[in-house]
Ligand SMILES: Cc1ncc(COP(=O)(O)O)c(C=O)c1O
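This is the structure:
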């Protein structure tokens, strides 16, 4: 039995589903977002505290890319290390806990894949009915497999993510179902904790943060986190935000919604971001930019991260590094600067794109040491 599940005890108070975590038990090794950042989250005495292991993700220093940037340091925030393989878990645990607090029994979201995997996992853990509305044919295979495995109800609709979100919003207005997309403010609250962790790990905010932008909730969440850290004097400065959209799905860059967004990075294939205005405010307050990168630039950064840094992220995540490389190539001077690139999701989520990478060396050989040695030029 899963040790964390064993730590959770479900019981009913006044007919409402409650989930109490015994995190002080020696069997529980992970605090999770709700417990660790309780005082900075909208948590009351009635909010159930539980975790499936979200947060506390590694901030890994670049071994090989940083030299080409010429910066003081470059770190990758590996959000693919969250339990469902993306940053969504940080916000989902807060959104689901607050829904449980109000006695909600059913949650729903529209999704390009990661939100649905996350909602389905937390829904499964908490015994909630989870409904996912996803754009048919536009969700990476790994993400859909997760949603199926977690036992969610999946509606594939013939339309874009933006259309799916419209339907999810209407569904939740009409029925007693909690919408757990990033338009739910509790999602942003949870996601801001990644900024807290970066400040804790670096001892200050970085000079620059590079982050992919899709529906634009995460860039808003990071900014909120850094601003709160600064207000508490946990850091001495605020970072410059550098958000990156894919060129074929870059409404914030062009200033108008994109009816048919197109990019290899399915997680950011979004034509009309729900948090557009807030993202623009965050960008401007930080003195930063929201720019775009081509699919070729995204895929080049995706391969570079895997082959030079040992980090296998999903294509959308690599947009942050693609943006940094693009800025460095254009001559921007990063000397003396500390940079963090947020790598939002795990590469295993999108096996079809991964399979397009040209292998360095792969072949079939006789099952003998000599033939393998010869094939690998070790003989
Ligand atoms: C892996 C990944 N990266 C980036 C994003 C973009 O985040 P946001 O929609 O909050 O801008 C998403 C959103 O689904 C995602 O799944």
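Numbering (this note's numbering), first residue to last: 553 to 931. Beta carbons are placed, not taken as given, at the ideal position from N, Cα and C, and that holds for glycine. Treat the numbers as computed from the prediction; the structure is a model and nothing was measured.
Residue from 623, 600, 636 with nearest C-alpha to residue 898
636
Is residue 768 close to ligand 1? I mean its beta-carbon at under 7 Å from any heavy atom of the ligand.
Indeed, a heavy atom of ligand 1 lies less than 7 Å from the Cβ.
Own chain partners of residue 870 with C-beta closer than 7 Å, once the 5 adjacent residues on each side are dropped
850, 853, 854, 857
Other residues of its chain near residue 723: CB distance less than 7 Å, five sequence neighbours each side excluded
Closer than 7 Å at Cβ, skipping near neighbours: 660, 729.
Residue 727 classed as buried or exposed, judged by whether at least 16 other C-beta atoms fall within 10 angstroms
exposed
Quick check: residue 800 and residue 785, are their CB atoms within less than 8 Å of each other?
no
Give me the DSSP bridge partner(s) of residue 700.
Per DSSP, none; premise fails for residue 700.
Can you list, in chain order, the residues of its chain with a C-beta nearer than 7 Å to that of residue 835? Leave out the 5 residues immediately preceding and following it.
793, 795, 841, 842
Suppose only complete runs of 3+ residues qualify. What are the beta strand (DSSP E) ranges in the segment 753 to 837, listed by chain order?
760 to 764, 792 to 798
Could you tell me whether the Cβ of residue 647 comes closer than 8 Å to any Cβ of chain D?
Annotation note: the requested chain D is absent from the structure, which comprises a single protein chain.
What are the partner residues of residue 843, as DSSP defines its beta bridges?
Residue 843 is bridged to 796.
Measuring CA to CA, which of 670, 865, 913 is closest to residue 903?
865
Mark residue 641 as exposed unless 16 or more other C-beta atoms lie within 10 angstroms of its C-beta, in which case mark it buried.
buried
What are the start and end residues of each continuous beta strand (DSSP E) run of 3 or more residues lying completely inside the segment 596 to 662, in chain order?
611 to 613, 625 to 630, 658 to 662
Can you tell me which of the three DSSP states residue 689 falls into?
coil
Given residue 838 as reference, the closest of 672, 767, 760 once Cα atoms are compared
760
Per DSSP, residue 733 is paired with what?
DSSP output for residue 733 lists no bridge partner at all.
What are the start and end residues of the beta strand (DSSP E) that includes residue 706?
Note, residue 706: beta strand (DSSP E), 705 to 709.
Just to confirm, does residue 813 get its C-beta within under 7 Å of one of the non-hydrogen atoms of ligand 1?
no
Continuous alpha helix (DSSP H) stretch holding residue 873: start and end:
Here the alpha helix (DSSP H) through residue 873 covers 867 to 881.
Using a Cβ-Cβ cutoff of less than 6 Å, which residues in the same chain neighbour residue 681 once the five nearest sequence positions on both sides are dropped?
658
For residue 856, does the three-state DSSP call read helix, strand or coil?
helix
Backbone secondary structure at residue 684 - three-state DSSP
strand
Is residue 734 near ligand 2 - that is, is its Cβ less than 7 Å away from at least one heavy atom of it?
This structure lacks ligand 2; the ligands present are ligand 1.
Compare the C-alpha of residue 500 against each of 889, 679, 781, 686 and name the closest.
With the chain covering 553 to 931 only, the question about residue 500 has no answer from this structure.
Judging by CA-CA distance, which residue of 772, 643, 747 is the nearest neighbour of residue 787?
Measuring C-alpha to C-alpha distances from residue 787 to each of 772, 643, 747 identifies 747 as the nearest.
With a threshold of 16 other CB atoms inside 10 Å of the CB of residue 594, please say whether the residue is buried or exposed.
exposed
Inspect the CB distances between the segment 661 to 681 and the segment 870 to 880 and report whether three or more fall short of 8 Å.
no
At what residues does the beta strand (DSSP E) containing residue 894 begin and finish?
890 to 895
Can you look up residue 898 in the DSSP assignment and give me helix, strand or coil?
strand
If you follow the alpha helix (DSSP H) that residue 674 is in, where does it begin and where does it stop?
666 to 678
Using 7 Å as the cut-off, classify the Cβ of residue 666 as near or not near the heavy atoms of ligand 1, replying yes or no.
yes
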